[in-house]
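What follows is a short report on a single structure.
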Amino acid sequence: MGILGLSKLIADVAPSAVKENEIKNFFGRKVAVDASMSLYQFLVAVRQEGQMLTTADGETTSHLMGFFYRTIRMVENGIKPVYVFDGKPPTMKGGELAKRKERREEAQKALEKAEEAGNAEDVEKFSRRLVKVTKTHTEEAKTLLRLMGIPYVEAPCEAEAQCAALAKAGKVYGVATEDMDALTFGTPILLRHMTFSEARKMPIKEFHLSRVLEGLELKQEEFIDMCILLGCDYCDSIKGVGPKRAIELIRSHKSLESVVKQLDPKKYPVPEDWPFAEARNLFIEPEVTDPADIELKWSEPQEEKLVEFMCEEKGFSEERIRNGIKKLTKARNSSTQGRLDSFFKVLPSPNSNANKRKSEEKPGAAKKARGGRGKFGKAR
Amino acid sequence: MFEARLVKGSLLKNVLDAIKDLLKQASWDCADSGIQLQAMDSSHVSLVSVNLKAEGFDKYRCDRNLIMGMDLSSMSKILKCAANDDIITMKAQDNADTVTFMFESPNQEKVSDYEMKLMNLDQEHLGIPETQYACVVKMPSAEFARICRDLSNFGESICIACTKEGIKFYAAGDIGTANIKLAQTTSVDKEDAVIIDLQEPVTLTFSCHYLNMFIKATPLSQQVSLSMSPDVPLVVEYTIHDLGHIQYFLAPKIGENDS
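Just so you know, the protein sequences line up as chains Y and U, in that order. For what it's worth, UniProt numbering labels the leading residue of the first sequence as 1, then goes sequentially. For what it's worth, UniProt numbering labels the leading residue of the second sequence as 1, then goes sequentially.
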């Protein structure tokens, strides 16, 4: 689910850390995509008349549709995606997962009510909330990617953490996810809206961690502590401490330990048994596969097998799948345009903070992005 | 106080025509030695570097270093208001947030003033290392422009191959292929000559789209120079007589591999 209100905070306090860019400007970049988030996103968003796409037998195929076309979109734009799947959830996420289960149950009840009342809009809304990613979905997505010649990585634990490790090791340029906690895991560059559909015309939002830290005037460890204060997946936050206070507290006290000591327990009750140190550890040293052991290889799509899987098994139109494969092969075989910034080094700019006029328009844009997140963010 | 006066105002108009399609916004760095501009296009494939020397202006004064961020399409609109034989003067106060363009007709009967807002741009500056290029070709700029335009009808990219015999341009596409060979000339007429300075043969492929943007600088100079080395960006340079130069850097296209 990410970090509560982090993107808004960054937009407000460190606007120069966020850049908007068209997808076509990312050509030649390798990008790690948080597959678990994408799976969920596709199941929620790829629909027809509010219903998930299914085969004749009622098997869901929304996710395959999403993976197939959005991957092609990236490849056509010269991007080399590598998908990273979640492993087992960390034990500390138990509380968060229980909460999500509770919310699902609530949604289930609400759905029944809406169905009774015949309120179509609500039925659609709540059925979207009930979406659950199953093992089959994941396995099918992996099969599809394998046949398309797109590499994927199975993370031992959280996918975001693995993505961050890949980006930190320079294996990929950035991480495409909607989850802001990829930044907390230390992703140097986070890309939002990468897996959105063409039709939405959403520009890619690029978050640069170094500039985020510069803008917030925090070190990475302090940033992690602030994220925990804002509210992460691993432990509760302190009631009454919002984004503004969180950043002030960390700026003046530097670490959660001293924040806890300084806080007035009557005004801001620290949760009993608050395992913030463990949560912090999860962010600093998450369980990941060493990026040096991961080999990323993009290969030729296997046309016949893809057709067999997508058309015969899953009932997609053969013509469309073949067209898609053609696009994939064409993009693979055309020579790629080199990037100038890979030849010449960017010099540190002396006036990165003198960004007054540009920053004025940012908060509005950030609000829009938050609105979008409500619908399409991850809420397992 | 910053002030730069150019009697041959059309030069500034030409400079802007040469960069405004590639860059939407850019910062002009004004210093005692002259005016410079360096910026990448939004896709980070090409880079433009403009250098206008202080001595090239008819009057030049820059008391404090000044960075003027401008919207180049707005600047171009303003410069379009100047006649080709107008004298152009750029003026700005220290720490100002506007710049003034003054156009004077040659007989001093008409004077127009345009003021434009400046912007704070967050731009990345690239450090360009001094490079010894494997081959440097000098050729008539109009010839180069013609070749780029012609070949872009055939394909998305142009392959440039340079040997000691001459320089070859090649493009291929759906309708067929196109090949243009230019031999090194021996003629004494400097401006028409094709001169090749070669250390080793080079073959590189470049996008037509960007080359066609670069040739907008053709009116600035009779001659263009192309510098190439294997696997590094191409440099297309136009010298602006007595005033400075424009350089374009273009990243080559890379053959597909799996790494």
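Backbone N, C-alpha and C define an ideal beta-carbon position, used for all residues, glycine too.
Opposing strand residues paired with residue i [DSSP bridges]
{"i": "residue 85 of chain Y", "result": "Y/154"}
{"i": "residue 196 of chain U", "result": "U/137"}
{"i": "residue 260 of chain U", "result": "With chain U running from 1 to 259 in the structure shown, residue 260 of chain U is simply not present."}
{"i": "residue 192 of chain Y", "result": "Y/205"}
{"i": "residue 185 of chain U", "result": "For residue 185 of chain U, which the question treats as bridged, DSSP gives no partner whatsoever."}
{"i": "residue 323 of chain Y", "result": "Beta-bridge pairing links residue 323 of chain Y to no other residue."}
{"i": "residue 178 of chain U", "result": "U/171"}
{"i": "residue 20 of chain U", "result": "In the DSSP output, where bridge partners are listed per residue, residue 20 of chain U has none listed."}
{"i": "residue 60 of chain U", "result": "U/4"}
{"i": "residue 35 of chain U", "result": "U/30, U/52"}
{"i": "residue 25 of chain Y", "result": "DSSP output for residue 25 of chain Y lists no bridge partner at all."}
{"i": "residue 220 of chain U", "result": "Paired residue(s): none; residue 220 of chain U is not in a bridge."}
C-beta neighbour in chain U for residue i, strict 8 angstroms
{"i": "residue 54 of chain Y", "result": "no"}
{"i": "residue 16 of chain Y", "result": "yes"}
{"i": "residue 363 of chain Y", "result": "In this prediction, residue 363 of chain Y has a pLDDT of 41, which is less than 50 and means its spatial position is unreliable; what the coordinates show is noted afterwards. Not closer than 8 angstroms to any Cβ of chain U, the Cβ of residue 363 of chain Y fails to qualify, so no."}
{"i": "residue 302 of chain Y", "result": "no"}
{"i": "residue 207 of chain Y", "result": "no"}
{"i": "residue 356 of chain Y", "result": "A caution first: residue 356 of chain Y carries a pLDDT of 37, below 50, which makes its placement in the model unreliable, though a value can still be read off. So yes, residue 356 of chain Y belongs to the interface."}
{"i": "residue 13 of chain Y", "result": "no"}
{"i": "residue 164 of chain Y", "result": "no"}
{"i": "residue 4 of chain Y", "result": "no"}
{"i": "residue 352 of chain Y", "result": "Only weak support is given to the placement of residue 352 of chain Y: the predicted model assigns it a pLDDT of 40, under 50, and the question is left unresolved by the model."}
Host alpha helix (DSSP H) of residue i (start-end)
{"i": "residue 258 of chain Y", "result": "256 to 262"}
{"i": "residue 306 of chain Y", "result": "303 to 307"}
{"i": "residue 134 of chain U", "result": "First-last for residue 134 of chain U: undefined, no H or E at that position."}
{"i": "residue 42 of chain Y", "result": "35 to 45"}
{"i": "residue 241 of chain U", "result": "No alpha helix (DSSP H) holds residue 241 of chain U; DSSP gives it neither H nor E."}
{"i": "residue 316 of chain Y", "result": "Run containing residue 316 of chain Y: none; DSSP gives neither H nor E here."}
{"i": "residue 277 of chain Y", "result": "276 to 284"}
{"i": "residue 75 of chain Y", "result": "62 to 76"}
{"i": "residue 120 of chain Y", "result": "120 to 129"}
Test item: CB-CB of residue i and residue j under 8 angstroms
{"i": "residue 10 of chain Y", "j": "residue 307 of chain Y", "result": "no"}
{"i": "residue 140 of chain Y", "j": "residue 37 of chain Y", "result": "no"}
{"i": "residue 66 of chain U", "j": "residue 2 of chain U", "result": "yes"}
{"i": "residue 16 of chain U", "j": "residue 68 of chain U", "result": "no"}
{"i": "residue 198 of chain Y", "j": "residue 181 of chain Y", "result": "no"}
{"i": "residue 48 of chain U", "j": "residue 22 of chain U", "result": "yes"}
{"i": "residue 137 of chain Y", "j": "residue 39 of chain Y", "result": "yes"}
{"i": "residue 158 of chain U", "j": "residue 211 of chain U", "result": "yes"}
{"i": "residue 175 of chain Y", "j": "residue 191 of chain Y", "result": "yes"}
{"i": "residue 269 of chain U", "j": "residue 226 of chain U", "result": "Outside the shown range of chain U, which is 1 to 259, sits residue 269 of chain U, and nothing can be said about it."}
{"i": "residue 136 of chain U", "j": "residue 174 of chain U", "result": "no"}
{"i": "residue 186 of chain Y", "j": "residue 209 of chain Y", "result": "yes"}
Proximity test, residue i beta-carbon vs the ligand NAP heavy atom, cut-off 7 angstroms
{"i": "residue 137 of chain U", "result": "With respect to small molecules bound, the structure shown includes none, and the ligand NAP cannot be examined in it."}
Endpoints, the beta strand (DSSP E) within which residue i is located
{"i": "residue 64 of chain U", "result": "Where residue 64 of chain U is concerned, there is no enclosing beta strand (DSSP E), given that its DSSP letter is neither H nor E."}
{"i": "residue 158 of chain U", "result": "157 to 162"}
{"i": "residue 30 of chain U", "result": "25 to 31"}
{"i": "residue 223 of chain U", "result": "223 to 228"}
{"i": "residue 5 of chain U", "result": "2 to 6"}
{"i": "residue 203 of chain U", "result": "202 to 207"}
{"i": "residue 47 of chain U", "result": "46 to 53"}
{"i": "residue 126 of chain U", "result": "125 to 127"}
Within chain Y, partners of residue i - CB distance below 8 angstroms
{"i": "residue 40 of chain U", "result": "340, 341"}
8 angstroms Cβ cutoff, residue i in contact with chain Y
{"i": "residue 233 of chain U", "result": "yes"}
{"i": "residue 205 of chain U", "result": "yes"}
{"i": "residue 46 of chain U", "result": "yes"}
Chain-ordered neighbours of residue i on chain U, where CB pairs are closer than 9 angstroms
{"i": "residue 346 of chain Y", "result": "124, 125, 126, 127"}
Contacts that residue i makes with chain U (C-beta to C-beta distance below 8 angstroms)
{"i": "residue 24 of chain Y", "result": "43"}
Contacts of residue i in chain Y (Cβ-Cβ under 9 angstroms)
{"i": "residue 249 of chain U", "result": "340, 343, 344"}
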